[in-house]
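A quick write-up on the structure given underneath.
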Amino acid sequence: LAKTTQPISMDSYEGQEVNITCSHNNIATNDYITWYQQFPSQGPRFIIQGYKTKVTNEVASLFIPADRKSSTLSLPRVSLSDTAVYYCPKGSGAGSYQLTFGKGTKLSVIP
Amino acid sequence: DGGITQSPKYLFRKEGQNVTLSCEQNLNHDAMYWYRQDPGQGLRLIYYSQIVNDFQKGDIAEGYSVSREKKESFPLTVTSAQKNPTAFYLCASSMEQGQSEKLFFGSGTQLSVL
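Just so you know, the sequences run in chain order A and B. Following the numbering used here, the numbering of the first sequence begins with 230 at its first residue and continues without gaps. Following the numbering used here, the numbering of the second sequence begins with 5 at its first residue and continues without gaps.
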């Protein structure tokens, strides 16, 4: 299965806004775009989900262009506790639901 | 508190031994999943179940078996046929199958071979 594409790693200083982009070239019409956060030795945690345009919650914003071939996760004013791996898994399209997780983006927040 | 409980946190397997990882959820979710994660890698789907008494193979089912006798429970057995079982195993659940589903994960089981 083709996966989504995202940078392997990113560094940021505390207090900065971080934008992580994911490429969804093969996204199915029915698929939503979902982002997860994972800390070491823990299971991933849902962050945010959207279908198109912009979604914002208390943790992050998600920007999805009209063609839906990419998405950008925006973390405002990151802190050291935001150091984690961030995933944008690929859905399976219609029918049964199987997510394909790539290696994710390892975000390191620097003091 | 509602959630997914995986046990044990750490598990050791001897050569030729089968071991079973436990996964219990009290979220009343229909679907449950097992993923395997190797160091520095993404998650790979082993098995998933949409409903009680039914389950399907994922991408790497060889050497593993599951059962879904109760809605709350989805145990994973790592058999002796799995030659490289050392990995971090994650169980997840979701309300129902669908494209907008959000997965809820447990805290994982680290399996190592003695």
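Glycine is no exception: its CB is placed at the ideal position from the N, C-alpha and C atoms.
Determine, using beta carbons only, whether A/THR263 comes closer than 8 angstroms to chain B.
yes
For a quick check, are the C-beta atoms of A/SER241 and A/VAL247 less than 8 angstroms apart?
yes
Does DSSP put A/SER310 in a helix, in a strand, or in coil?
Note: A/SER310 maps to helix in three-state DSSP.
Name the DSSP bridge partner or partners of A/GLY279?
A/ILE262
Under 9 angstroms, CB to CB, which of the residues in the segment 84-115 of chain B have a partner in chain A?
PHE92, LEU94, CYS95, ALA96, SER98, GLU100, GLN101, GLY102, GLN103, SER104, GLU105, LYS106, LEU107, PHE108, PHE109, GLY110, SER111, GLY112 and GLN114
B/GLY44: buried (16+ other C-beta within 10 angstroms of its C-beta) or exposed?
exposed
Closest Cα partner of A/THR282 within the set A/GLN267, A/SER300, A/PHE275 and A/CYS317:
A/SER300
Is it the case that the Cβ atoms of A/THR263 and A/PHE275 are separated by a distance below 8 angstroms?
yes
Cβ closer than 8 angstroms: which chain A residues qualify as neighbours of B/LEU31?
What B/LEU31 touches in chain A: nothing, since even the nearest Cβ is about 13 angstroms away.
8 angstroms is my cut-off, CB to CB: does B/LEU47 come that close to chain A?
yes
Between A/GLU287, A/THR258, A/VAL338 and A/PRO340, which lies nearest to A/ALA295 when the distance is taken from Cα to Cα?
A/THR258
Residues in the same chain with beta-carbon distance under 6 angstroms from A/ILE256, minus the five sequence neighbours each way, listed in chain order, please.
ARG297
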